[in-house]
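Asks:
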Amino acid sequence: MSSSESAATQAPGFARTRVGAVTVTTVYDGALPIHAADMHGESAQRITELLADGFLPPEGDPLTAVNTFLFASGGRTVLVDAGAGTSLGPGTGHLTANLRAAGTPAGQVDDILITHLHPDHAFGLLTPDGDAAFPAATVHVAAADAEHWLDEAAAARAEGVQAQIHRWAEQALAPYRAEGRLSTFDYGDSPVPGVTAVDLHGHTPGHSGYLVGDAGAELLLWGDTMHCHTVQLPAPHVVMAIDSDPAGARAARLRVLEEIRTRGWAVGGAHLPFPGIGRIRFRDGEARWVPVPFRPLTLV
Ligand SMILES: [Zn+2]
Numbered sequence: 001m002s003s004s005e006s007a008a009t010q011a012p013g014f015a016r017t018r019v020g021a022v023t024v025t026t027v028y029d030g031a032l033p034i035h036a037a038d039m040h041g042e043s044a045q046r047i048t049e050l051l052a053d054g055f056l057p058p059e060g061d062p063l064t065a066v067n068t069f070l071f072a073s074g075g076r077t078v079l080v081d082a083g084a085g086t087s088l089g090p091g092t093g094h095l096t097a098n099l100r101a102a103g104t105p106a107g108q109v110d111d112i113l114i115t116h117l118h119p120d121h122a123f124g125l126l127t128p129d130g131d132a133a134f135p136a137a138t139v140h141v142a143a144a145d146a147e148h149w150l151d152e153a154a155a156a157r158a159e160g161v162q163a164q165i166h167r168w169a170e171q172a173l174a175p176y177r178a179e180g181r182l183s184t185f186d187y188g189d190s191p192v193p194g195v196t197a198v199d200l201h202g203h204t205p206g207h208s209g210y211l212v213g214d215a216g217a218e219l220l221l222w223g224d225t226m227h228c229h230t231v232q233l234p235a236p237h238v239v240m241a242i243d244s245d246p247a248g249a250r251a252a253r254l255r256v257l258e259e260i261r262t263r264g265w266a267v268g269g270a271h272l273p274f275p276g277i278g279r280i281r282f283r284d285g286e287a288r289w290v291p292v293p294f295r296p297l298t299l300v
């Protein structure tokens, strides 16, 4: 590799973080744009100001992370979300390559916990040829999300991008359903030992968070509770055009922020800046994202 090639190539897309007893490997699927034009519930001027506070252009964040999270629980190798696969172009779909780089090829994943069935979280369940990208894994989805996105009548009624999301969801799950490797759960259940499903519905009907770790050192992994924390942490009432139920999405965001504040949970987010794990400092009515640094896992 020439020096110019190495300068144009990013480091392998994984990073490990220790939260209490759990070591989480963030595995990067890629980046996609989150557009300010899709943010609603606040004036365009205020959204532009908040983006500028984060040194982002008025159009939004052109390179928002798509993170997935890998950890061991109950003797199983668990992955939260599967990235975009081929659904959203070449900026995303790098999960399987980065899993290999992280030392856990896709074939070694036992369980995949899907936060919701939007394509940037679920279409990476497929290879580019349409086969199961995770040949040994069981896919776990909230019953409410599976019922909505796999419902043929709802798919027939849907229009535009919502209709496309139905098609993508059906395709992404098809090889797993065919082999009996799709499992659904309700909020409060433990789809795998040591992981509790958290109610974040609104963005989609079954949008779920996953709480891992021991009491006092817990990590909440979320999908799309925030698409752009630069805007939605100071202004959590801002909703996204893609929300199935904007009022429900807003209520879930406010509810979980209050729970994080009172319980002190660490947070990992699919669209928080890679590696997407940190804490939220609440002070004087304001909330500030404090990302984990890249650092050794043990003190030496
Ligand atoms: Zn997303």
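So in the UniProt record's numbering, spot 9 of the sequence shown is number 9, and the numbers just go up one at a time. Ideal Cβ placement from N, Cα and C applies to all residues, glycine included. Fair warning: this is a prediction, and the values are worked out from it, not measured in the lab.
Taking 8 Å as the line, does the beta carbon of residue 303 fall inside it for any heavy atom of ligand 1?
Replies: Outside the shown range of the chain (1 to 300) lies residue 303, about which nothing can therefore be said.
Asks: Please write down, chain order preserved, every residue whose beta carbon lies under 5 Å from a heavy atom of ligand 1.
Replies: Answer in sequence order: D120 and D224.
Asks: Using a 10 Å radius around the Cβ and a threshold of 16 neighbouring Cβ atoms, would you call F71 buried or exposed?
Replies: With 16 or more other Cβ atoms within 10 Å, it is buried.
Asks: Around the Cβ of E218, are there at least 16 other Cβ atoms within 10 angstroms (buried) or fewer (exposed)?
Replies: Classification for E218: buried.
Asks: In this structure, how does DSSP classify Y187 when only helix, strand and coil are distinguished?
Replies: Coil at Y187, not helix or strand.
Asks: Give the DSSP bridge partners of G30, in chain order.
Replies: The partner list for G30 (beta bridge, DSSP) reads V66.
Asks: In the DSSP assignment, find the unbroken beta strand (DSSP E) run with W289 in it and report its ends.
Replies: Segment E286 to P291, the beta strand (DSSP E) holding W289.
Asks: Ignore the nearest five residues each way along the sequence and tell me which others in R279's own chain have a CB closer than 6 Å to its CB.
Replies: Excluding positions up to five away in sequence, the list reads A266 and V290.
Asks: Classify L126 as helix, strand or coil using the three-state DSSP reduction.
Replies: Strand, per DSSP.
Asks: Assuming the contact rule is C-beta atoms closer than 8 Å, P205 and D145 should be a hit. Round their C-beta distance to whole Å, please.
Replies: That pair is a contact at about 6 Å.
Asks: Less than 6 Å between C-beta atoms, sequence neighbours within five positions excluded: which residues of the same chain meet that for H203?
Replies: Excluding positions up to five away in sequence, the list reads D224, D243 and A249.
Asks: Just verifying my parser: in three-state terms, what is the DSSP assignment at H207?
Replies: DSSP places H207 in coil when its eight states are reduced to three.
Asks: Starting from the C-beta of S73, find all residues in its chain whose C-beta is less than 7 Å away, skip the five residues before and the five after it, and write them out in chain order.
Replies: Cβ within range, chain order: V192, P193, G194, V195 and V212.
Asks: Sort G30, A153 and P12 by Cα distance to G124 and report the nearest one.
Replies: Of the candidates G30, A153 and P12, the one whose C-alpha sits nearest the C-alpha of G124 is G30.
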